[in-house]
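So for the sequence shown, full-length UniProt numbering puts the first residue at 1; every next one is plus one.
Everything below concerns the one structure shown next.
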Amino acid sequence: MNNKITKSKFTPAVTPLAAPNAASIFRCMFEVFGKVQGVFFRKHTNKKAKQLGLVGWCMNTDEGTVKGVMEGTLENIIEMKDWLQHKGSPRSVIQKAVFSSHEPLLIPSFEKFSIRR
1 MNNKITKSKF
11 TPAVTPLAAP
21 NAASIFRCMF
31 EVFGKVQGVF
41 FRKHTNKKAK
51 QLGLVGWCMN
61 TDEGTVKGVM
71 EGTLENIIEM
81 KDWLQHKGSP
91 RSVIQKAVFS
101 SHEPLLIPSF
111 EKFSIRR
């Protein structure tokens, strides 16, 4: 009797399982401080968000800031955050931008990006 153990040449493929309900879209709230009112900041924010395929909104506040919500891929949110912190509209002067953490979503809450008044 042969007690030799042999390995099979056939190894079934193992596919890692995706996490259930893995989010590919995220939400991030923002507020931008500095000279951001009266300089077309919201108009340029709206245009940039649409270029990146983000949805959400932005608006002027009574405190002289611009705040809003953006939803989309993490990559595009990160790019928009950089734009809000360092570029903005041509006539804006950004002192700082504050962001919430990235909240994963199953579906977007908005159909488009808009300016709220």
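Virtual Cβ for every residue (Gly too), placed ideally from N, Cα, C.
**Candidates P104, Q85, S89 and P90, of which the one nearest K96 by Cα** = Of P104, Q85, S89 and P90, the residue nearest in Cα terms is Q85.
**Per-residue DSSP class, three states only, for I107** = In this structure, I107 counts as coil in the three-state DSSP scheme.
**Prompt:** If you draw a straight line from the C-alpha of P108 to the C-alpha of L52, how long is it?
**Reply:** Looking at the two C-alpha atoms, the distance is approximately 15 angstroms.
**Request:** List the whole-angstrom C-beta distance separating F113 from N46, where the pair is believed to meet the contact cut-off of C-beta under 8 angstroms.
**Result:** Contact flag correct, Cβ pair sits at about 6 angstroms.
**Request:** Starting from the C-beta of E75, find all residues in its chain whose C-beta is less than 8 angstroms away, skip the five residues before and the five after it, and write them out in chain order.
**Result:** Around E75: no qualifying Cβ.
**Counted within 10 angstroms of its Cβ, other Cβ atoms place R42 as buried (16 or more) or exposed** = Its Cβ being crowded by 16 or more others within 10 Å, R42 is buried.
**Nearest neighbour of R91, chosen from C28, V39, R27 and P104 [CA to CA]** = If we check each option's Cα against that of R91, V39 comes out closest.
**Prompt:** From what residue to what residue does the alpha helix (DSSP H) around E75 run?
**Reply:** E75 -> alpha helix (DSSP H) spans L74 to H86.
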